[in-house]
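Chains as they are written, first to last, in this note's numbering: chain E, 438 to 587; chain Z, 43 to 121. Here a beta-carbon is modelled for each residue, glycine too, at the ideal position from N, C-alpha and C. Have a look at the structure below before the remarks.
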């Protein structure tokens, strides 16, 4: 199947690769299908590309590449909706608001996208913990990130 | 801003047709029951903040290459 994308022009994808957000994302409740496309083969930075709206793409990062101790804990009903028993069975992505200079870019550790890698069911959640916020400055993370890129 | 004290099982009224009842209070939280006309939206405030954060995350117009450069060079290079 083909689709237009914000960053990559027209691409071909497999229906099985789609992430299915049955509730959409916060503020984007009608957007239910996304593709996760890596930027330049790098394993930490992705385009979360809407299928319904080619111009809509979120910049997503692997949160563990920023903080290896990142520890999202979902509510029981969220786990149930994603078809797992434990938060650790899921994959996570954090959305970034890219700014210039880049150290002012913020990442949303409070509202990760959680993915059941097996079924491709996905959901954006708001974590209960006070430990994470919606706008952590990228510049505030330690120097670990460099190792993960390229 | 009006601030008032309520106990569990007490309620308050806003206008004629909104009732907010305190169901129970536990360490670190309360459970509320809200009765309001259908056309009045009720949102957890963090939901609005989350939607705003998402809008910011969707707003960028950067090309991927510039973005990679930005992220690759910028993070951890400072301080």
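Integer-rounded CB distance, given that residue 560 of chain E should sit under 8 Å from residue 92 of chain Z: In the second chain, residue 92 of chain Z corresponds to position 50, counting from 1. In the first chain, residue 560 of chain E corresponds to position 123, counting from 1. That belief does not hold up - the Cβ atoms of residue 92 of chain Z and residue 560 of chain E are roughly 12 Å apart, past 8 Å.
Beta-carbon proximity of residue 443 of chain E to residue 484 of chain E, cut-off 8 Å: On the first chain, residue 443 of chain E is found 6 positions in, with the first residue counted as 1. On the first chain, residue 484 of chain E is found 47 positions in, with the first residue counted as 1. Yes.
Rounded C-alpha distance that separates residue 505 of chain E from residue 98 of chain Z: Position 68 of the first chain holds residue 505 of chain E. Position 56 of the second chain holds residue 98 of chain Z. Between residue 505 of chain E and residue 98 of chain Z, the C-alpha separation is close to 25 Å.
Pair within 8 Å by beta-carbon distance, residue 543 of chain E and residue 493 of chain E: Here residue 543 of chain E is taken as the residue at index 106 of the first chain, counted from 1. Here residue 493 of chain E is taken as the residue at index 56 of the first chain, counted from 1. Cβ atoms of residue 543 of chain E and residue 493 of chain E: not closer than 8 Å.
Cutoff 6 Å; reference residue 441 of chain E; Cβ partners in own chain excluding five residues on either side: In the first chain, the residue the question calls residue 441 of chain E occupies position 4. Correct list, in chain order: 447 and 491.
Where residue 459 of chain E sits in the DSSP three-state scheme: Taking the first chain and counting its residues from 1, the one referred to as residue 459 of chain E is at position 22. Three-state DSSP puts residue 459 of chain E in coil, outside helix and strand.
Helix, strand or coil at residue 70 of chain Z [DSSP, three-state]: Locating residue 70 of chain Z in the second chain gives position 28, where the first residue counts as 1. In the structure shown, residue 70 of chain Z sits in coil (DSSP, three-state: anything other than H, G, I, E or B).
Buried versus exposed call for residue 120 of chain Z [16 or more other C-beta atoms within 10 Å across all chains shown]: Sequence index remark: in the second chain, residue 120 of chain Z carries index 78 (1-based). Per-residue confidence for residue 120 of chain Z stands at a pLDDT of 36, beneath the threshold of 50, marking its modelled position as unreliable; no derived number is given.
Straight-line Cα distance separating residue 63 of chain Z from residue 73 of chain Z: Along the second chain, read from residue 1 onward, the residue named residue 73 of chain Z stands at position 31. Along the second chain, read from residue 1 onward, the residue named residue 63 of chain Z stands at position 21. Residue 73 of chain Z and residue 63 of chain Z: Cα-Cα distance of roughly 9 Å.
Three-way DSSP call (helix, strand, coil) for residue 475 of chain E in this model: On the first chain, position 38 is the one that residue 475 of chain E refers to. Here residue 475 of chain E sits in strand by DSSP.
Contact list for residue 97 of chain Z against chain E, beta-carbon separation under 7 Å: As a first step, residue 97 of chain Z is located in the second chain; it is residue number 55 there, counting from the start. Here the neighbours are 464.
Counted within 10 angstroms of its Cβ, other Cβ atoms place residue 51 of chain Z as buried (16 or more) or exposed: The sequence position of residue 51 of chain Z within the second chain is 9, counting from 1. Looking at its Cβ environment, which holds fewer than 16 other Cβ atoms inside 10 Å, residue 51 of chain Z is exposed.
Residue 90 of chain Z: CB within 7 Å of a non-hydrogen atom of the ligand ZN: This structure does not include the ligand ZN; it has no bound ligands of any sort.
For residue 445 of chain E and residue 439 of chain E, the rounded distance between their alpha carbons: Position 2 of the first chain holds residue 439 of chain E. Position 8 of the first chain holds residue 445 of chain E. If I take the Cα positions, the gap works out to 12 Å.
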